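Worksheet: the structure to be examined is printed underneath.
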Amino acid sequence: MNKKNLGKYLDEIYLKYKHKHSSKDPVWILHKLKNSRDIEIAGLIVSCYSYGRVDQINALMNKLFKRIGYDVHEFTLNFSEQKIKSFLRICITDSMLLRI
């Protein structure tokens, strides 16, 4: 297959499947994680807050994961009671309060 045909073929495949792996679904954030422990914990967190408007849920999840990073398992293991108040203050939104 020459470069021109290969490029056309790859573009067709991209157009066919691009929506399969992009979504407003809050679970989409799990695709950013590689470690199975991180995925498991993040999945639990996302599922606990997956109610209401999708845009609002995604905003909260993005805010959360920007704060804790994507090494969710490590964050969970090292989280302490001393960090709770400052952490909750950052995760408050108008309609949701994240409590871990």
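If you're matching positions, the sequence shown starts at 137 in this note's numbering and goes up one per residue.
Heads up, the beta-carbon is just placed ideally off N, CA and C, and yes, glycines get one too.
On a predicted model such as this, the values are computed, not experimentally measured, just so you know.
Point to revise | N- and C-terminal bounds of the alpha helix (DSSP H) containing Phe215 | key: Here Phe215 belongs to no alpha helix (DSSP H), and DSSP marks it neither H nor E.
Who are the near neighbours of Tyr206 in its chain, counting only those whose CB is closer than 7 Å to its CB and skipping five residues on each side? Lys168, Leu169 and Asp174
Terminal residues of the continuous alpha helix (DSSP H) containing Arg173?
DSSP places Arg173 inside the alpha helix (DSSP H), whose first and last residues are Ser172 to Cys184.
Problem - Other residues of its chain near Lys152: CB distance less than 7 Å, five sequence neighbours each side excluded - result: none
| task | Could you give the DSSP three-state label for Gly205: helix, strand or coil? | result | coil
| Cα-Cα separation between Ile177 and Lys140, rounded to whole angstroms | Using only the alpha carbons, I get a separation of about 44 Å.
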